[in-house]
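Participant:
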Amino acid sequence: MMNKDLNDSSVYDNLKRIIKSRRIPHAFLIEGSTKEKRMETAMYIAGSVVCTSDDKPCGVCTQCKTAENGSNPDISFIVPAKDKKMISVDQIRDLRSEAIVMPHSAERRVFIIEDALQLNEQGQNALLKILEEPPKTVVFILLVPSKTSLLDTVVSRCSIFLLSDTDHTEDETSADSKEFLSLLFENREYDMLCFTRKYENDRTKARDFLDAIKDECLRQLKTGDISNYRAKILSNIYDSTDLYCESIITNVNLTLLFTAMVCKFKSFVK
Ligand SMILES: [Zn+2]
Numbered sequence: 026m027m028n029k030d031l032n033d034s035s036v037y038d039n040l041k042r043i044i045k046s047r048r049i050p051h052a053f054l055i056e057g058s059t060k061e062k063r064m065e066t067a068m069y070i071a072g073s074v075v076c077t078s079d080d081k082p083c084g085v086c087t088q089c090k091t092a093e094n095g096s097n098p099d100i101s102f103i104v105p106a107k108d109k110k111m112i113s114v115d116q117i118r119d120l121r122s123e124a125i126v127m128p129h130s131a132e133r134r135v136f137i138i139e140d141a142l143q144l145n146e147q148g149q150n151a152l153l154k155i156l157e158e159p160p161k162t163v164v165f166i167l168l169v170p171s172k173t174s175l176l177d178t179v180v181s182r183c184s185i186f187l188l189s190d191t192d193h194t195e196d197e198t199s200a201d202s203k204e205f206l207s208l209l210f211e212n213r214e215y216d217m218l219c220f221t222r223k224y225e226n227d228r229t230k231a232r233d234f235l236d237a238i239k240d241e242c243l244r245q246l247k248t249g250d251i252s253n254y255r256a257k258i259l260s261n262i263y264d265s266t267d268l269y270c271e272s273i274i275t276n277v278n279l280t281l282l283f284t285a286m287v288c289k290f291k292s293f294v295k
């Protein structure tokens, strides 16, 4: 993780400067790019916060090592409870009481909200209370595809880092199609719509995204070890995607196209 070639150089230059200055904000908001890239950035920040060396994150001290293997007691990941789609308000309340506990061995504790879309308005308002008066020993990191999905009051409390989409490679589009399909199977229609926003302004990218969805359906169908139920849904999606591919080259509004597509896909998952 630590020595990875980090391609978003301006964001990382900025982060390095902040870490070196030791004036680390109480809350970061990482938006843009893919889920994996956002997480990579969050772990870079978390590693820097807990690292005991001068050149943070060093990647070799015990703190960095445990950060890397997910066992650092001062780094917590906030995700929905088992079988739940959303992070509950109670979880945020627990987080608030946990945040005032002193760190185990690092100077500060880090709480990473892996997918801030899993916070509804109530959850965000609960979080806001602690973002407004954060304990000195805490750093929050919120990850989200686009900050427009969060309350302005929450966003205004965070230092925002936008990961660039300009190096939007084929790999990223295919990673996106995978994430998009898993959201469908989790019945997260709203998140699917948020997700398509990143493709709404570019017909070529939108077309690539739809092609990637078809490829992903085919790939999953070929693996064979999926249920009949899932296979049926995937072939329905595969078949109906052509229609949307054709519409893209016409003058259709992409927001409307994606909304219709998500509705259609949703109707297959019953
Ligand atoms: Zn270290």
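Residue numbers for the sequence shown follow our numbering, so the first one is 26 and each next one is one higher.
Glycine is no exception: its CB is placed at the ideal position from the N, C-alpha and C atoms.
Cα-Cα, which of LYS291, GLU123 and ILE117 is closest to LEU208?
Facilitator: When only C-alpha atoms are compared, the closest one is LYS291.
Participant: Could you tell me the alpha carbon to alpha carbon distance between CYS86 and SER78, rounded to whole angstroms?
Facilitator: Taking the straight line joining both Cα atoms gives about 7 angstroms.
Participant: Residues around ligand 1, please: the condition is that the C-beta lies closer than 7 angstroms to some non-hydrogen atom of it.
Facilitator: So the residues near ligand 1 by this Cβ test are GLY72, CYS76, THR77, SER78, LYS81, PRO82, CYS83, GLY84, VAL85, CYS86, GLN88 and CYS89.
Participant: Nearest to ILE55 by alpha carbon, out of ASP227, SER189 and LEU279?
Facilitator: Nearest option by C-alpha distance: SER189.
Participant: Does the Cβ of TYR69 have 16 or more other Cβ atoms within 10 Å, making it buried, or fewer, making it exposed?
Facilitator: TYR69 is buried by the Cβ-count criterion.
Participant: Let me check understanding here. Comparing Cα to Cα, which of LYS41, GLN149, ASP236 and SER130 lies closest to LEU268?
Facilitator: For the residues LYS41, GLN149, ASP236 and SER130, the minimum Cα distance to LEU268 belongs to ASP236.
Participant: Taking only the alpha-carbon atoms, compute the straight-line gap between LEU279 and ARG228 and give it to the nearest angstrom.
Facilitator: Approximately 8 angstroms between the Cα atoms of the pair.
Participant: Determine the burial state of VAL126: buried for a count of at least 16 other Cβ atoms within 10 Å of its Cβ, exposed for fewer.
Facilitator: Exposed, by the Cβ-count rule.
Participant: Within the chosen definition, does the stretch 134-152 reach the stretch 168-181 through at least 3 CB pairs nearer than 8 angstroms?
Facilitator: Yes, the stretch 134-152 is in contact with the stretch 168-181.
Participant: Since I believe ARG121 is in contact with LYS128 (beta carbons under 8 angstroms), could you give me their beta-carbon distance rounded to a whole number of angstroms?
Facilitator: Contrary to the premise, residue 128 reads as Pro rather than Lys in this sequence. About 16 angstroms; that fails the 8 angstroms criterion.
Participant: Spatial neighbours of PHE165 within its chain, please: C-beta separation below 6 angstroms, excluding the five flanking residues on both sides.
Facilitator: Contacts found: ALA52 and PHE136.
Participant: Using the rule of at least 16 other Cβ atoms within 10 Å of the residue's Cβ for burial, across every protein chain shown, is GLY148 buried or exposed?
Facilitator: It counts as buried.
Participant: Give the DSSP bridge partners of ARG134, in chain order.
Facilitator: Paired residues: VAL163.
Participant: Is the stretch 172-188 touching the stretch 97-104, taking contact as three or more C-beta pairs under 8 angstroms?
Facilitator: Touching, no, given that fewer than three Cβ pairs across the two stretches are closer than 8 angstroms.
Participant: Might you give, ordered along the chain, the residues of its own chain that have their beta carbon closer than 7 angstroms to the beta carbon of MET217, omitting 5 neighbours on each side?
Facilitator: The residues are PHE205, LEU208, LEU209 and VAL287.
Participant: Taking 9 angstroms as the cut-off, decide whether the C-beta atoms of LEU153 and ARG182 are in contact.
Facilitator: Cβ distance < 9 angstroms, so LEU153 and ARG182 count as in contact.
Participant: Leaving out five residues on either side along the sequence, give the residues of the same chain with a beta carbon under 6 angstroms from the beta carbon of PRO82.
Facilitator: Hits under 6 angstroms: MET27, GLY72, SER73, CYS76 and CYS89.
Participant: In terms of alpha-carbon separation, which member of PHE186, ALA92 and LEU259 lies closest to ARG63?
Facilitator: Answer by Cα proximity: PHE186.
Participant: Starting from the Cα of THR66, find the closest Cα among ILE274, ARG232, ASN39 and ILE155 and give me that residue.
Facilitator: Among ILE274, ARG232, ASN39 and ILE155, the Cα nearest to that of THR66 belongs to ASN39.
Participant: Do you know whose CA, among ALA256, CYS219, ARG255 and LYS295, lies nearest PHE283's CA?
Facilitator: Nearest option by C-alpha distance: CYS219.
Participant: Which stretch, first to last residue, makes up the alpha helix (DSSP H) that contains LEU153?
Facilitator: Where LEU153 is concerned, the enclosing alpha helix (DSSP H) stretches over 146-157.
Participant: Taking Cβ positions, are THR266 and LYS247 nearer each other than 9 angstroms?
Facilitator: No, they are not a contact pair.
Participant: By Cβ distance below 6 angstroms, which residues in the same chain neighbour GLU132 in space, the five residues on each side in sequence not counted?
Facilitator: Within the same chain, GLU132 has no close Cβ partners at all.
Participant: Excluding five sequence neighbours on each side, which residues of the same chain lie with their C-beta closer than 6 angstroms to the C-beta of ARG232?
Facilitator: For ARG232, where only same-chain residues beyond five positions count, the Cβ hits under 6 angstroms are ILE273.
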